[in-house]
Amino acid sequence: MEKLGKAVGDIVSELGPEKGSLLAILLAVQDASPESYVSEAAVNEIARLLNTSRSMVYSTASFYSEISLMPRGRHIVRLCINAPCEDAGKEEIRKALEKELGIKLGETTSDKMFSLEGVSCLGACNMSPAIKVDDKVYGDLTPAGAVRVMRELKEAAKNEHIS
Amino acid sequence: MSTFRELDSYDRVFNFGNYDSSVSLSEYQQAGGYEALRMAIGNPKQALEEICRAGLRGRGGAAFPAGLKLKMMQGNTEKQRYIVCNADEGEPGTFKDRFIMNHIPFQLLEGITIAAILAGAENGFVYIRHEYPLAQETIKKSIAEAEAAGLLGDNILGSEFSLHLKIFSGAGSYLCGEETALLSSIEGKKGRPRVKPPFPIESGLWGKPTLINNVETLANIPSIIAKGSDWYRSLGTEDSPGTKLISLSGDVKRRGLYEVPFGTTFREIIDNYGGGMKEVFTLKAVNIGGSSGVVVPPEELDCPMEYGKCAERGITIGSGAVYVMDEQRSILGNVHNRVHFFLHESCGKCTPCREGLRQVNRIIDRVIEGEASLKDIDNLERFTRCMQEASFCGLGQAAGNSLISSLKYFRKEYENSCVDCVGKTAERGELC
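What follows is the structure, encoded as structure tokens:
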């Protein structure tokens, strides 16, 4: 709790304790969180530092779909769900990812490694179907290709763990 | 086909160079970049005249004359003003702004700087959607480089003009592409639209005059000033001068981003730029203008891409997304996908959009399940018209537009799925 207060405090003083910085603060707090989300405690702390109500902070935080109020996995896998990707085979990619990760769209794996989310247009329709894993976009995907990306990430995490 | 030729490199507004990398500041300057900024600083009046004469219109979808907007900004006496570059590209099927930001960031920055000088704005934001981390990174780095080179910041190129530009990250809201919702978002609020008027040029960010333009609009400016409005008007048509970036996707051979002169027909875009249909299947429908655009059958594709002619035929050029569907694709599936999209993105502020979409979604679900009756289709049309006419902002209105077009051209596909239509299926043709 103490630690959280400090981290949020640093972010707020860096970005400026004004209401105009709220969205940037929320995104930065989420990025700093190991579980990629804005916790209730963080909402309270931001409201206190910005001298505003918790409901005001919560109202902004809950409006935007890239801000999560629930803990998420280390890697966030976003599946584009709009028409060009849908027609290019999004459903097959979704099934392959769900099977490989053992979760449904909108869930997080029990080892807190992966969250699988749907996203509105990644602007990658020239290479649909596409997914975005953290900051990287993978296009022209096949179900096998999507599984391969997940396995590489698992492998990398395993090696990290050993070393 | 024989008369088709792509634009010469001189005649391009955008020279993307190598698609794999980003054009650096020195490369951009070697190719004549930042010459327009020098000209604009030397003679701002002339620069504004060129933009007006060029007939540049907003490329985000609304097609408002860019020169007129700048003139309106100049007419305002308030000293504190802002410029905002709308890079919240969220229209499904559109990827032009991503290409501009990732590949020619300095052309965009030069355009923003010129527009800011003409509008008298010394502070500004580039509002980039959160789904584009690479674009955010590239623009951030490019701003720092431009500042170090004296092309941005205090006293640009030694003149009395200054511009302090910052990146503002969106957070996954399609609605924030609507200009007043975008302003609310920068102010730290929910990205909900405001009543217009007052327009942002009168009362924008924190109540101050604010110039908001789309990425593509701003990135047009350096070429117009450097090469002149006569050159610009030699491209395109009298009604719509210049070129448009087309994001071509779907069942064509070559998906991608193309710079297309206005006046080119949609069929030419598909056949010449896209190389025609990908497989043996024939073309069934084309979705022009993204999710908020229209779905049209092949017969409509001979319409030239031109604001006037398209408006007459009820086609919205919008962001320039062209999504091609072959005969395997289901119109109902496409509409279903789009209604889901709008339902998710609707902010819930006004009833026609919020409840209209919910009702429309229920009906389309029933149509797809084969449980709807013909009366439901009439109701669907009624709800859709209500959304079109009574929604508070462009989102609900556009959601209505896209549905109406599918009902206009593909009503048969809806009706064939209805329970009370079974007897007529044979005479109505194929079942979808």
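Chains X and D are the protein sequences, given in the same order. If you count the first sequence from 1, position 50 lands on 1200 in my numbering, and the numbers rise without skipping. If you count the second sequence from 1, position 83 lands on 190 in my numbering, and the numbers rise without skipping. In this text, a Cβ means the ideal position worked out from N, Cα and C, and glycines have one as well.
What did DSSP end up calling F448(D) once you bin it into helix, strand or coil? helix
Using DSSP with H/G/I as helix, E/B as strand and the rest coil, what is R301(D)? coil
Which of the three DSSP states, helix, strand or coil, is assigned to L510(D)? helix
Rounded to a whole number of angstroms, what is the C-alpha to C-alpha distance between C525(D) and P316(D)? 52 Å
Pick helix, strand or coil for R535(D), following the three-state DSSP scheme. Since pLDDT at R535(D) reaches only 47, below the 50 mark, its modelled position is unreliable, and no value is offered.
For the region 1198-1221 of chain X, enumerate the residues whose C-beta is nearer than 7 Å to any C-beta of chain D, in chain order. S1209, T1210, F1213, Y1214, S1215, E1216, I1217
Any contact between the region 1299-1309 of chain X and the region 156-176 of chain D? By contact I mean 3 or more CB pairs, one from each, below 8 Å. no
Run down chain X in chain order and give the residues with a C-beta less than 8 Å from the C-beta of N193(D). Under the 8 Å cutoff, chain X gives no residues; its nearest Cβ is about 14 Å from N193(D).
Using a Cβ-Cβ cut-off of 7 Å (strictly less than) and excluding sequence neighbours within five positions of E375(D), which residues of its own chain qualify? F111
Answer with buried or exposed for G382(D), where buried requires no fewer than 16 other C-beta atoms within 10 angstroms of its C-beta. exposed
Tell me the residue span of the alpha helix (DSSP H) that contains F490(D). 481-497
Can you tell me whether V120(D) is helix, strand or coil according to DSSP? coil
Scan the region 1237-1266 of chain X for residues whose Cβ lies nearer than 7 Å to a Cβ of chain D and list them as they occur along the chain. D1237
Report buried or exposed for R518(D), applying the criterion of at least 16 other Cβ atoms within 10 angstroms of its Cβ. exposed
The alpha helix (DSSP H) that contains D204(D), what's its start and end? 203-210
Straight-line gap, C457(D) to E1195(X) (C-alpha atoms, nearest Å): 32 Å
For C454(D) and E496(D), what's the separation of their Cα atoms in angstroms? 17 Å
Using CA atoms only, rank isn't needed, just tell me which of M146(D), F121(D), L318(D), L290(D) is closest to F206(D). F121(D)
Excluding five sequence neighbours on each side, which residues of the same chain lie with their C-beta closer than 8 Å to the C-beta of S498(D)? C457, P459, C460, G463, Q504, A506, G507
C-beta neighbour in chain X for S280(D), strict 7 Å: yes
Go ahead and label D261(D) buried or exposed: buried means 16 or more other beta carbons lie within 10 angstroms of its beta carbon, across all protein chains shown. exposed
Where S356(D) meets chain X, residues with beta-carbon distance less than 8 Å: P1234, C1275, N1276, S1278
Could you tell me the alpha carbon to alpha carbon distance between I484(D) and V429(D), rounded to whole angstroms? 27 Å
Beta-carbon gap between R1266(X) and L1291(X) smaller than 7 Å: Contrary to the premise, residue 1266(X) reads as Leu rather than Arg in this sequence. Not a contact, by the Cβ cut-off of 7 Å.
What residue does the alpha helix (DSSP H) around S1212(X) start on, and which one ends it? 1204-1213
Residue closest to P368(D), alpha-carbon to alpha-carbon, out of K297(D), K360(D), E413(D): E413(D)
Residues in the same chain with beta-carbon distance under 8 Å from Q1180(X), minus the five sequence neighbours each way, listed in chain order, please. S1186, Y1187, V1188, I1217, S1218
Out of curiosity, what's the CA-to-CA distance linking G396(D) and D433(D)? 18 Å
Out of T201(D), N193(D), Q181(D), state which residue places its alpha-carbon closest to the alpha-carbon of Y552(D). The structure shown does not extend to residue 552(D), since chain D is modelled only from 108 through 539, so no value can be given for it.
Does S1312(X) pass the burial test, meaning 16 or more other C-beta atoms within 10 Å, or should it be called exposed? First, the residue type needs correcting, since residue 1312(X) is Ile and not Ser in the sequence shown. When all chains shown are included, I1312(X) counts as exposed.
Give me the Cα-Cα distance between F1264(X) and P1221(X), rounded to the nearest whole angstrom. 11 Å
Determine the closest residue to A170(D) out of T220(D), T350(D), L312(D), N183(D), with distance taken between C-alpha atoms. T350(D)
Less than 7 Å between CB atoms is the rule here; does K1169(X) satisfy it with respect to chain D? yes
Between D1290(X) and chain D, is the shortest Cβ-Cβ distance under 7 Å, so that the two count as touching? no
Is there at least one Cβ from chain X nearer than 7 Å to G343(D)'s Cβ? no
First and last residue of the uninterrupted alpha helix (DSSP H) at L241(D): 240-255
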